[in-house]
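Trainee: Numbering (the working numbering), first residue to last: 27 to 358. Please read through the structure below; I'll follow up with questions.
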């Protein structure tokens, strides 16, 4: 988050700090040297990283500085991420939305042999934020995409950070949203999908901020759900607390079996699984890749303590606990 726009206002207008104060923090942090070891920094000024691997190539999906364009780069090694050419894939020639104002947290997915992009769009005409989908028109992730429209949910509320869960032959959509029409809490919701661009059930809340470590900053936040699957187990790694705070961190939901739309099918870990250190602050909004058999977590973290929305994109390898759950260790 870089500018004092309507989306930021929606996320932070009830915070003890004002948006203007957070933006002052952000500008001040960008003017100072960053804290922490810079060895693990992939992009020195970035946020909401989405990296996916396919056929021995890595793809980074992001937005431009003004949040008007979806960009994708392709590269072979994480060290190339900051310098790989970013190609604009949307808006393109196959359907833009004239009234849109800002694009947030695009995510590139490979589903059933095709590329899809999921993203949040702020609609300046009606002042709403909702989730949308693009479908590739070629087999090239950097090629053209068709705009497939809004992901319609019967309970239509503010929504961001959409991702897809494929589990036991079925497809589900996960996202962060409001319960009602005011911003008092962001929760994690799930719904069934009939195809990659269509939601086929109403939403079910499977996580809401309840622990103190999920309630730093106001409104309280659960956002950025990401699917992590390994050795037959399924986890949802999500971000908790205000993104502008040092305490932004990652929580974990573990799938216990049963119907994924039943909240009882998920167990929330009582403590964060990835959180700040003495030199790395606000680690969150992660994605995961496997490179040459090694698992990596890619995440953003604040440039320094009290840095507001000034973030860097970082990466580190991680391992697995004996019970098959992820062991992210400490941010580097």
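Here a beta-carbon is modelled for each residue, glycine too, at the ideal position from N, C-alpha and C. Note that the structure is a prediction, hence the values are computed from the model and not measured.
#1: On the three-state DSSP scale, how would you describe residue 329?
#2: Note down, in chain order, each residue of its chain lying with its Cβ closer than 7 Å to the Cβ of residue 28, except the 5 sequence neighbours on either side.
#3: How long is the line joining the alpha carbons of residue 168 and residue 114, rounded to whole angstroms?
#4: Using the beta-carbon count (16 or more within 10 Å), is residue 275 buried or exposed?
#5: Could you please give me the residues that DSSP links to residue 270 through a beta bridge?
#6: If you draw a straight line from the C-alpha of residue 153 to the C-alpha of residue 57, how long is it?
#7: What are the partner residues of residue 321, as DSSP defines its beta bridges?
#8: Are the CB atoms of residue 84 and residue 101 within a distance shorter than 8 Å?
#9: Thinking C-alpha only, which one of 212, 236 and 178 is nearest residue 218?
#10: Report the rounded CA-to-CA distance for residue 103 versus residue 319, giving the unit in angstroms.
#11: Closer than 7 Å by C-beta to residue 51: which residues in its own chain qualify, once you throw out the five before and the five after it? Chain order, please.
#12: Enumerate in chain order the residues of its own chain whose CB-to-CB distance from residue 105 is below 6 Å, with the five nearest sequence positions on each side excluded.
#13: Just how far apart, CA to CA, sit residue 95 and residue 148?
#14: Do you know whose CA, among 236, 130, 235 and 160, lies nearest residue 141's CA?
#15: Is the Cβ-Cβ distance between residue 66 and residue 234 less than 8 Å?
#16: Does residue 282 pass the burial test, meaning 16 or more other C-beta atoms within 10 Å, or should it be called exposed?
#17: Is DSSP giving residue 65 helix, strand or coil here?
#18: What does a CB cutoff of less than 6 Å around residue 324 pick up in its chain, not counting 5 residues either side in sequence?
#19: Based on the DSSP secondary-structure assignment, which residues constitute the bridge partners of residue 144?
#20: For residue 250 and residue 139, I'd like the C-alpha separation in whole angstroms.
#21: By how many angstroms is the C-alpha of residue 144 removed from the C-alpha of residue 88?
#22: May I have the straight-line CA-CA distance separating residue 322 from residue 255, to the nearest angstrom?
#23: Which residue from 310, 239 and 136 puts its Cα closest to that of residue 297?
#24: Taking the alpha helix (DSSP H) that residue 55 falls in, what are its first and last residues?
#25: Taking the alpha-carbon of residue 93 as reference, which of 259, 116 and 330 has the nearest alpha-carbon?
#26: If we ignore side chains and look at the alpha-carbon of each, how far apart do residue 343 and residue 170 end up?
Mentor: Taking the geometry as given:
#1: Counted from its first residue, the chain shown places residue 329 at position 303. Looking at residue 329 - three-state DSSP - the assignment turns out to be coil, as it is neither helix nor strand.
#2: Here residue 28 is taken as the residue at index 2 of the chain shown, counted from 1. Low per-residue confidence applies at residue 28: pLDDT is 34, beneath 50, and the placement is therefore not dependable enough to give any value.
#3: Stepping through the chain shown from its first residue, residue 168 is reached at position 142. Stepping through the chain shown from its first residue, residue 114 is reached at position 88. Each residue's alpha carbon lies about 8 Å from the other.
#4: On the chain shown, position 249 is the one that residue 275 refers to. Its Cβ being crowded by 16 or more others within 10 Å, residue 275 is buried.
#5: For the purposes of this step, residue 270 is taken as residue 244 along the chain shown, with counting starting at 1. Beta-bridge pairing links residue 270 to no other residue.
#6: As a position in the chain shown, residue 153 is number 127, starting the count at 1. As a position in the chain shown, residue 57 is number 31, starting the count at 1. Spanning the two alpha carbons is a distance of roughly 32 Å.
#7: Locating residue 321 in the chain shown gives position 295, where the first residue counts as 1. DSSP, once it has assigned bridges, lists 316 and 344 as partnering residue 321.
#8: On the chain shown, position 75 is the one that residue 101 refers to. On the chain shown, position 58 is the one that residue 84 refers to. Yes.
#9: Counting from one through the chain shown, the residue named residue 218 turns up at place 192. Residue 218 has its Cα closest to that of 178, out of 212, 236 and 178.
#10: Here the question's residue 103 lines up with position 77 in the chain shown. Here the question's residue 319 lines up with position 293 in the chain shown. One C-alpha to the other measures close to 14 Å.
#11: To locate residue 51, count along the chain shown from 1; it is residue 25. Cβ within range, chain order: 332, 333 and 334.
#12: Along the chain shown, one-based indexing puts residue 105 at 79. There are no such residues.
#13: Numbered from 1 along the chain shown, position 69 holds the residue referred to as residue 95. Numbered from 1 along the chain shown, position 122 holds the residue referred to as residue 148. Between residue 95 and residue 148, the C-alpha separation is close to 13 Å.
#14: As a first step, residue 141 must be located in the chain shown, where it is residue number 115. The residue with the shortest Cα to Cα distance from residue 141 is 160.
#15: On the chain shown, residue 66 is found 40 positions in, with the first residue counted as 1. On the chain shown, residue 234 is found 208 positions in, with the first residue counted as 1. Against a cut-off of 8 Å, the Cβ pair of residue 234 and residue 66 comes out as no contact.
#16: The residue given as residue 282 occupies position 256 in the chain shown. Label assigned to residue 282: exposed.
#17: As a first step, residue 65 must be located in the chain shown, where it is residue number 39. Residue 65 falls in the helix class under three-state DSSP.
#18: Translated into positions along the chain shown, residue 324 becomes position 298. Excluding positions up to five away in sequence, the list reads 75, 77, 313 and 341.
#19: Residue numbering aside, residue 144 sits at position 118 when the chain shown is read from its first letter. BP columns for residue 144 point to 133 and 159.
#20: Counting from 1 along the chain shown, the entry for residue 250 is found at position 224. Counting from 1 along the chain shown, the entry for residue 139 is found at position 113. If you take the alpha carbons of residue 250 and residue 139, they lie about 25 Å apart.
#21: The residue given as residue 88 occupies position 62 in the chain shown. The residue given as residue 144 occupies position 118 in the chain shown. Rounded to whole angstroms, residue 88 to residue 144 spans 11 Å at the Cα level.
#22: Your numbering for residue 322 matches position 296 in the chain shown. Your numbering for residue 255 matches position 229 in the chain shown. Cα-Cα distance, rounded: 13 Å.
#23: As a working mapping, residue 297 is identified with position 271 in the chain shown. Of the listed residues, the one whose Cα sits closest to residue 297 is 239.
#24: In the chain shown, the residue the question calls residue 55 occupies position 29. Taken as a continuous stretch (DSSP letters only), the alpha helix (DSSP H) holding residue 55 covers 45 to 56.
#25: Against the chain shown, residue 93 aligns to sequence position 67. Looking at the Cα atoms, 116 is the closest of the given residues.
#26: Locating residue 343 in the chain shown gives position 317, where the first residue counts as 1. Locating residue 170 in the chain shown gives position 144, where the first residue counts as 1. Near 33 Å, if we compare the C-alpha coordinates of residue 170 and residue 343.
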